[in-house]
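Read the structure below first, then the notes.
Number of protein chains: 2
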Amino acid sequence: MNATKQKILIKSLDLFNDSGISNVSLRAIADKAGISVGNLQYHFKKREDIIEALYFELVEKIDSILFIKTDDLLQSFLNISVEIVTILYEYHFFLLDFITITRRNYKIKRHYSELSKRREIEFIKIVDVLIKNGVFREELLKNEYHSLFKRIEVISNFWFSSILIQADVLSKESIKQYSLLISQSIYPYLTDEAKKQYATIFPSQLV
Amino acid sequence: MNATKQKILIKSLDLFNDSGISNVSLRAIADKAGISVGNLQYHFKKREDIIEALYFELVEKIDSILFIKTDDLLQSFLNISVEIVTILYEYHFFLLDFITITRRNYKIKRHYSELSKRREIEFIKIVDVLIKNGVFREELLKNEYHSLFKRIEVISNFWFSSILIQADVLSKESIKQYSLLISQSIYPYLTDEAKKQYATIFPSQLV
DNA sequence: GTTAATATAGTACAAATGTACTAAAAATAA
DNA sequence: TTATTTTTAGTACATTTGTACTATATTAAC
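Line by line, the protein sequences are chains A and B.
With the first letter of the first sequence counted as 1, position 89 gets the number 89 in this note's numbering; the numbers rise by one all the way through.
Position in the second sequence counted from 1, then plus 1000, gives you this note's numbering.
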């Protein structure tokens, strides 16, 4: 990709992450990138184009890490959720402004909506494998794992928001906290066998 | 309260809920309330004052329903979470714009932060009671219920957002979905005794 | 009934913002 | 070298927005 275009995206991402999209003007981006507004406009005709470009960058990065190692199912499952949120952290402006963005960009909204549906199907498939391999227990309630997915989805998408409505800044510490939250939310669904394995993965969590 | 002031708040709430605060101008509010912008300004010197007033209305409403009936602990516990989210639904603009609002209104941010801490303490107290009464099981992991609180908090605060990033409108249906999500997230922490009770409360959830 | 306080309307303004447009400069192709 | 395309800068503009300010109108107090 064009060097200037690249620079614009990098600087935009920084500014968006720090201040939120609505507090970042095109002039500010141009300044930070050391170019003129005219030039900025040449590369991204509309402001929205920058946001779209960043969104698809994010999606691509996440897609690239979504495969589970079959030799160590539980560990792999937990790893992936942390890897995802680590990438999300890089683009956290997107999550903090999720509503604003999807409200005025139907393309992103529709794309995300499809993505989410695919992810859910993938999740349920993986859960089936985990059940068959004695890692997860069977469902005790109807759609119990569907419901678990939904909860994990909300937390993944809004964990950073949840922190920032109270804290003044977002730090990488939030990734660890997320990881704890998710692993503990999985715990009750593990078989006794897998619970033992969990104990070896997270010895510090034992009571 | 002054009738005009009341009207302003009601109409602002409607507009905010429908379009998000950043898409609602003072002129639009004045129009909807059938008054002049000058008059609007007379009652609320700053735009932010309207949002603050609505926020404190919301907090007050929630506070008024926060007490648990000791005769039917589980049912009461589940009821309250639905009652809360029902009130939140009335003021959902606030949740949808949570980040934006706390970013530029430090008073609300600080207040909410304190509120959240108090609520967590309350939650843990109630859980203790539930454990002592054989409704919840003991912790199997360190801070397991603290972690549960956090997850419920995120979901309460951002469930509506989570829906709206995919759907075009928010409906009361979302309250039911929330209720399902929360009750199922509680289920694994119930004692065998309480699980039986759960089955009578939600027979349709049984597998 | 006069005075003071409250409430309402209307206008004006300064600041910010996205973007359209023009022109020059730099790079590339012929 | 010349011609053409790509890239960059600069300016201008229309629009929106919050809010400050002024002037009436209405209500309440005495």
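No residue lacks a Cβ here, since even glycine has one placed at the ideal position from N, Cα and C.
| On the premise that residue 53 (chain A) lies in contact with residue 9 (chain A), defined as a C-beta separation below 8 Å, what is that separation, rounded to the nearest angstrom? | 6 Å
| Residues in the segment 84-113 of chain A having any Cβ partner in chain B nearer than 8 Å | 96, 97, 98, 99, 100, 102, 103, 109, 112, 113
| request: Go ahead and pull the three-state DSSP assignment for residue 1056 (chain B). | output: helix
| task | Check each candidate in B:1074, B:1055, B:1067 and name the one with the smallest Cα separation from residue 1105 (chain B). | result | B:1055
| Quick one, which residues of the segment 1164-1185 of chain B are near chain A if we go by CB-CB under 7 Å, in chain order? | 1164, 1165, 1166, 1180, 1181, 1184, 1185
| message | Could you tell me the alpha carbon to alpha carbon distance between residue 1036 (chain B) and residue 1051 (chain B), rounded to whole angstroms? | response | 19 Å
| Check whether residue 1074 (chain B) and residue 1198 (chain B) have beta carbons under 9 Å apart | yes
| message | Is there a C-beta anywhere in chain B that falls below 9 Å from the one on residue 162 (chain A)? | response | yes
| DSSP state of residue 136 (chain A) mapped onto helix, strand, coil | strand
| request: Closer than 9 Å, Cβ to Cβ, to anything on chain A: give me those residues from the segment 1014-1038 of chain B, in chain order. | output: 1019, 1020, 1022, 1023
| request: With residue 1012 (chain B) as the anchor, note down where its alpha helix (DSSP H) starts and where it stops. | output: 1003-1019
| DSSP state of residue 190 (chain A), grouped into three classes? | strand
| query | How is the alpha helix (DSSP H) around residue 91 (chain A) delimited, first residue to last? | reply | Element bounds for residue 91 (chain A): n/a, residue is neither H nor E.
| task | Determine the burial state of residue 1033 (chain B): buried for a count of at least 16 other Cβ atoms within 10 Å of its Cβ, exposed for fewer. | result | buried
| How about residue 1201 (chain B): is its C-beta nearer than 9 Å to some C-beta of chain A? | no
| Just the Cα atoms here: how many angstroms apart are residue 107 (chain A) and residue 1175 (chain B)? | 27 Å
| request: Would you mind stating whether residue 1148 (chain B) and residue 1160 (chain B) have Cβ atoms separated by less than 9 Å? | output: no
| request: Using the Cα positions of residue 244 (chain A) and residue 1002 (chain B), report the straight-line distance between them to the nearest angstrom. | output: It is not possible to answer for residue 244 (chain A), since the shown part of chain A is limited to 1 through 207.
| request: Mind the definition here: the segment 184-193 of chain A touches the segment 1126-1135 of chain B only if three or more C-beta pairs lie below 8 Å; say whether that holds. | output: no
| query | When you compare only the Cα positions, how much space is there between residue 45 (chain A) and residue 116 (chain A)? | reply | 29 Å
| query | Under three-state DSSP, which class holds residue 1206 (chain B)? | reply | strand
| query | Three-state secondary structure (DSSP) at residue 141 (chain A)? | reply | strand
| said: With a threshold of 9 Å between beta-carbons, can residue 1158 (chain B) be considered close to chain A, or not? | reply: yes
| task | Compute the Euclidean distance between the alpha carbons of residue 1080 (chain B) and residue 119 (chain A), then round it to the nearest angstrom. | result | 32 Å
| Chain-ordered neighbours of residue 1151 (chain B) on chain A, where CB pairs are closer than 7 Å | 151, 155, 181, 185
| Residues of the segment 1040-1070 of chain B whose Cβ lies closer than 8 Å to any Cβ of chain A, in chain order | none
| query | Does at least one heavy atom of the ligand ATP sit under 8 Å from the Cβ of residue 1043 (chain B)? | reply | No copy of the ligand ATP appears in this structure; indeed no ligand is present at all.
| request: Please report the Cβ distance between residue 109 (chain A) and residue 1165 (chain B), rounded to the nearest whole angstrom; I am assuming they are in contact, meaning their Cβ atoms lie under 8 Å. | output: 7 Å
| message | Please list, in chain order, the chain B residues whose beta carbon lies closer than 7 Å to that of residue 207 (chain A). | response | 1139, 1140, 1141, 1142
| Does the beta carbon of residue 1076 (chain B) sit closer than 9 Å to a beta carbon anywhere in chain A? | no
| request: Have a look at B:1076, B:1007, B:1088 and flag the residue whose alpha-carbon is nearest the alpha-carbon of residue 1039 (chain B). | output: B:1007
| Taking DSSP as the reference, what is the three-state secondary structure of residue 1162 (chain B)? | helix
| query | Name the residues in the segment 113-127 of chain A whose C-beta lies less than 8 Å from a C-beta of chain B; which are they? | reply | 113, 116
| query | In angstroms, rounded to a whole number, what distance separates the CA positions of residue 1179 (chain B) and residue 1088 (chain B)? | reply | 13 Å
| said: How far does the alpha helix (DSSP H) with residue 34 (chain A) in it extend, from its first residue to its last? | reply: From DSSP, residue 34 (chain A) is part of no alpha helix (DSSP H); its letter is neither H nor E.
| task | Check whether the Cβ atoms of residue 91 (chain A) and residue 66 (chain A) sit closer than 9 Å, and answer yes or no. | result | no
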